[in-house]
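Participant: Using UniProt numbering, the first residue of the sequence shown is number 1, and each one after it goes up by one. I have a structure here, written as C-alpha cells, and I will follow up with some questions on it.
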Amino acid sequence: MEESLWRATVFLCCVWAASLLYGEMVAYWVPSLWTCSWPHHHTRMAGGVPSLGGHMKVAVIADPQLMDRTSHALAPKSVALEIAQFYTDLYMRRAFLASVLPFKPHLIIFLGDYFDGGPYLLDEEWQESLTRFKHIFNLNHRGRRADIPVYYIPGNHDIGYTALHTYNTKVISRYEKEFGPRNHHFNVGKVKFVAIDAQTLDGLKHGSLTSTTWDFVKNMSMDDTRSPRVLLSHIPLYRPDWTPCGSHRASPIVNQRVSRAVHDQGITYQNYLTEETSNRLLDLIKPVLVLSGHDHDQCTATQKAQHGSVIEHTVGTFSWQQGNLYPSFMLLSVSSLANITKSEDAVSTQLCFLPMQTHIYIWYLSLFVFTMLVLLLWPMHGLGFLHQQIRILGCITRAIGSKTTKDGNKEKDDDESCEYEMVWDVEGTMHIVKKVVRNAGFEHSSEAGLVERGSAAVRPTAKKSISQKTEVSTSTGMNADLRSDDGRKSLQRSSKHKVDTLAKRFFRTLKSLMVIAAVNVPLYMMLLSKDWIEL
Numbered sequence: 001m002e003e004s005l006w007r008a009t010v011f012l013c014c015v016w017a018a019s020l021l022y023g024e025m026v027a028y029w030v031p032s033l034w035t036c037s038w039p040h041h042h043t044r045m046a047g048g049v050p051s052l053g054g055h056m057k058v059a060v061i062a063d064p065q066l067m068d069r070t071s072h073a074l075a076p077k078s079v080a081l082e083i084a085q086f087y088t089d090l091y092m093r094r095a096f097l098a099s100v101l102p103f104k105p106h107l108i109i110f111l112g113d114y115f116d117g118g119p120y121l122l123d124e125e126w127q128e129s130l131t132r133f134k135h136i137f138n139l140n141h142r143g144r145r146a147d148i149p150v151y152y153i154p155g156n157h158d159i160g161y162t163a164l165h166t167y168n169t170k171v172i173s174r175y176e177k178e179f180g181p182r183n184h185h186f187n188v189g190k191v192k193f194v195a196i197d198a199q200t201l202d203g204l205k206h207g208s209l210t211s212t213t214w215d216f217v218k219n220m221s222m223d224d225t226r227s228p229r230v231l232l233s234h235i236p237l238y239r240p241d242w243t244p245c246g247s248h249r250a251s252p253i254v255n256q257r258v259s260r261a262v263h264d265q266g267i268t269y270q271n272y273l274t275e276e277t278s279n280r281l282l283d284l285i286k287p288v289l290v291l292s293g294h295d296h297d298q299c300t301a302t303q304k305a306q307h308g309s310v311i312e313h314t315v316g317t318f319s320w321q322q323g324n325l326y327p328s329f330m331l332l333s334v335s336s337l338a339n340i341t342k343s344e345d346a347v348s349t350q351l352c353f354l355p356m357q358t359h360i361y362i363w364y365l366s367l368f369v370f371t372m373l374v375l376l377l378w379p380m381h382g383l384g385f386l387h388q389q390i391r392i393l394g395c396i397t398r399a400i401g402s403k404t405t406k407d408g409n410k411e412k413d414d415d416e417s418c419e420y421e422m423v424w425d426v427e428g429t430m431h432i433v434k435k436v437v438r439n440a441g442f443e444h445s446s447e448a449g450l451v452e453r454g455s456a457a458v459r460p461t462a463k464k465s466i467s468q469k470t471e472v473s474t475s476t477g478m479n480a481d482l483r484s485d486d487g488r489k490s491l492q493r494s495s496k497h498k499v500d501t502l503a504k505r506f507f508r509t510l511k512s513l514m515v516i517a518a519v520n521v522p523l524y525m526m527l528l529s530k531d532w533i534e535l
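Written out as C-alpha cells, the structure is:
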C-alpha cells in the first residue's frame, strides 16, 4: 500500500473511531455534563443567594412505547422487527443509564405508554415486553429499583380506552398486577402528586372504571388542600385548536380528535381530554402544575382554572422511534421547605433533550460514502505522482503552444517559396504539381527546358505520374489496413488497461476498508455489549 494511501487510511480509521465513540457513548453524556441541570440550581432565594438545598429531585419519563408486532406493520419475529427493537431498546437503555441516572434523582415518574400494542398483546408477548422494559430501565423483577422509588400511571397503549374495557377487562388486571393501582397519590417533599387513569375519565358515565376514577378525584378534592399539588395525566388536558406549544415543539400542532365506538360503547381514541372533563379536574384537584404525555412531542400550555392559571407540560417521548427526532425527559425540583410563600414556586421544571439518534445514523452513512469516494478516487501512484502529472501536463501545454506558433510560421514560409503548375498527361488528365522555388536562375532554366521538350517529353512524365499514383494508392490502402489493425490493438490495450486499473483500485479499496473495519468493528461491538449486557 502506498505511503500516502496508508496515511489516508489511518486518518479515516481515526475519524471512524471518533465518530463511533461520540455517537455510541459521549453523546449520551452531553445532557448531564453540558446542556441540562436541575432547575433549582437556577433559582435564588431572598438576597440573591443560590437555593442549593431543600429540594427533592424528580426525573419524569414519558412514552417509551417499546416496539412489538403491532409496530410499523412489521411481521412478528421478522429480522427487521428484531433489529428495530434492539436498536430502539439500546437507545433508551443508554439514555436512561448515561443521561438520566447521572443526575441522581430521588425518584422517577413514568407517564404511561410503556408498550406499543399493550392491550392487544397475548400474555406471553406482554410478559416478553415487560421483561424488555425492566431491562431497559434497570428495574428488578418487581419493576422497582433498590435505590430509587419509581411511580407509574397507565397510558392508552397500556390498557386502552373505555371501548376496549367493555369486552376485555383482563388488560386492567394485568397492568395493575405489575405496575400498581391506576389511580393513586404520593408525596414528594411538601408537594402531593395525584396520578389518575385519564383513559377512563371520558368513558361511560355509569361505567365502573369511569366511576372509580371520578370517585378517586372527588376524594382527593376533600383531602387536605394546603399542600401544593401536581396532577399526573397521560392524556393532556383540553386546549383550543392551534394553541401554541412553545419553542421546544418540533412537530405540527395536533388538534382535538375524539373517536367513539358505535352504540355509545365508549371512546376508542382521543388526543386530549374533553373541555368539560378538564375543567372539572382543575377545579377539584387545584394543581399548581400538570404533567402529561401521549402527544410524543413537547408542549407547554397555560390552563385557565377558577383558582388561577396553571402551567401544563406535555413531555415528549423517550424513544427515537415514535415520530419525534428530539426525544426528551424532564427534571423537577420539588421544594421540601415548609414556608413556601407561593404555591407556584413549589415545583420547578427543566426540559432535557436526548441525543438525536437519526442524525447520528445519517452522519454514519455520510461518512461511509465519503470513505468510499476517498479510497476509490485516490491516485494510483499517490499524491506525489499527481503533482508530477500536473507539471508534465503544464509542460506539454506550453510545448504545444510553442509548436503551433512555429508550424504556422513554417507553413507560411513554404507557401511563399513554392509554385503550383498544371500538367496534363497523354490521357488528358490534369495534375497540380507543387514546385519549390530555390532561386530565379533555376526557375528560368526549368521553364526553358519544359518549353523545349514539347509533347514528346510529356509521355515519360505522364507514365511516371501514373506509376506514382498507383504506388501511392496501394501504399495508402496498406497504410489504412495497418492503421485499422493498430487501432483495434490500441483499443484492446486501452480496455485491458482500464480493467486492470479498476481491479487494482477495487482490491486497494478493499484492503483499506479491511484495515478500517479491523479497528472499528471490534470497537463498535464493544460499545454495544458494554451498554446492553447487564453486569
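All C-beta atoms in this analysis are idealised placements derived from N, C-alpha and C, irrespective of residue type, glycine included.
#1: DSSP state of Lys-463, grouped into three classes?
#2: Does the Cβ of Asn-187 have 16 or more other Cβ atoms within 10 Å, making it buried, or fewer, making it exposed?
#3: Quick one: Cα of Arg-505 to Cα of Glu-3, how far?
#4: Give the secondary structure of Gly-308 by DSSP, where H, G and I count as helix, E and B as strand, and everything else as coil.
#5: Give every residue of the same chain whose Cβ lies closer than 8 Å to the Cβ of Lys-177, excluding the five residues on either side of it in the sequence, and list them in chain order.
#6: Which one of Val-79, Val-58, Ala-80, Gln-85 has the shortest CA to CA distance from Met-67?
#7: Got a sec, what are the start and stop residues for the beta strand (DSSP E) Ser-259 sits in?
#8: Just grab the DSSP bridge partners of Cys-352 for me.
#9: Once DSSP output is grouped into helix, strand and coil, what is the label at Phe-318?
#10: Helix, strand or coil, according to DSSP, for Val-334 in the structure here?
#11: Select from Ser-19, Cys-36, His-165 the residue whose C-alpha is nearest the C-alpha of Ile-362.
#12: Roughly how many whole angstroms lie between the Cα atoms of Trp-378 and Pro-522?
#13: Please report the straight-line C-alpha distance between Gln-199 and Ser-348, rounded to a whole angstrom.
#14: Could you work out which residue in Val-499, Asp-297, Ser-78 is closest to Val-254 when comparing CA atoms only?
#15: Please classify Ala-457 as buried or exposed, where buried requires at least 16 neighbouring CB atoms within 10 angstroms.
#16: What first and last residue would you give for the beta strand (DSSP E) that runs through Lys-134?
#17: Along the beta strand (DSSP E) that carries His-184, what are the first and last residues, could you check?
#18: How many Å lie between Ser-71 and Phe-318 at the Cα?
#19: State buried or exposed for Pro-252, treating a residue as buried only when at least 16 other CB atoms are found within 10 Å of its CB.
#20: Name the one or two DSSP bridge partners that Thr-302 has.
#21: How about Ala-195 and Leu-232: are their beta carbons less than 8 Å apart?
#22: So Tyr-238 packs on Gly-23, CB below 8 Å; how close in whole Å?
#23: In whole angstroms, what is the alpha-carbon distance linking Arg-44 and Val-100?
#24: Output the distance between the C-alpha atoms of Gln-65 and Asp-116, rounded to the nearest integer angstrom.
#25: Going along the chain, which residues of its own chain have a beta-carbon closer than 8 Å to the beta-carbon of Val-374, five neighbours each way excluded?
#26: What separation, rounded to the nearest whole angstrom, lies between the Cα atoms of Val-10 and Met-330?
#27: Please state the DSSP three-state secondary structure of Gln-357.
#28: Per DSSP, which residues does Phe-115 bridge with? Please list them.
#29: Only counting the same chain, and skipping five residues up and downstream in sequence, which positions put a Cβ closer than 8 Å to that of Ile-516?
#30: Taking a contact to mean a Cβ-Cβ separation below 8 Å, would you say His-55 touches Ser-333 in this structure?
#31: Is it right to say Gln-306 is buried, meaning 16 or more other beta carbons lie within 10 angstroms of its own, or is it exposed?
#32: Can you list, in chain order, the residues of its chain with a C-beta nearer than 7 Å to that of Ala-261? Leave out the 5 residues immediately preceding and following it.
#33: For Ala-27 and Phe-96, what's the separation of their Cα atoms in angstroms?
#34: Could you spell out the range, first to last residue, of the alpha helix (DSSP H) harbouring Ala-17?
#35: How would you write the range of the alpha helix (DSSP H) that Leu-164 sits in, first residue to last?
#36: If Val-315 and Ala-62 are in contact, beta carbons under 8 Å, what's the gap, nearest whole angstrom?
Facilitator: Quick look at the numbers:
#1: Low confidence applies here, because Lys-463 scores a pLDDT of 48, under 50, leaving its location unreliable; read the following figure in that light. In this structure, Lys-463 counts as helix in the three-state DSSP scheme.
#2: exposed
#3: 15 Å
#4: strand
#5: none
#6: Gln-85
#7: 258-260
#8: Phe-329
#9: coil
#10: strand
#11: Ser-19
#12: 26 Å
#13: 27 Å
#14: Asp-297
#15: Residue confidence for Ala-457 is low, a pLDDT of 42 falling below 50, so the modelled location carries little weight and cannot support an answer.
#16: Element bounds for Lys-134: not the beta strand (DSSP E) but the alpha helix (DSSP H), 123-136.
#17: 184-188
#18: 16 Å
#19: exposed
#20: Ile-311
#21: yes
#22: About 40 Å; that fails the 8 Å criterion.
#23: Legend: pLDDT at Arg-44 = 47, less than 50; position of this residue unreliable, value from coordinates given subsequently. Near 24 Å, if we compare the C-alpha coordinates of Val-100 and Arg-44.
#24: 5 Å
#25: Ala-8, Leu-12
#26: 42 Å
#27: helix
#28: Leu-66
#29: Thr-9, Leu-12, Cys-13, Trp-16, Thr-371
#30: yes
#31: exposed
#32: Ala-163, Thr-268
#33: 13 Å
#34: 3-24
#35: 162-165
#36: 4 Å
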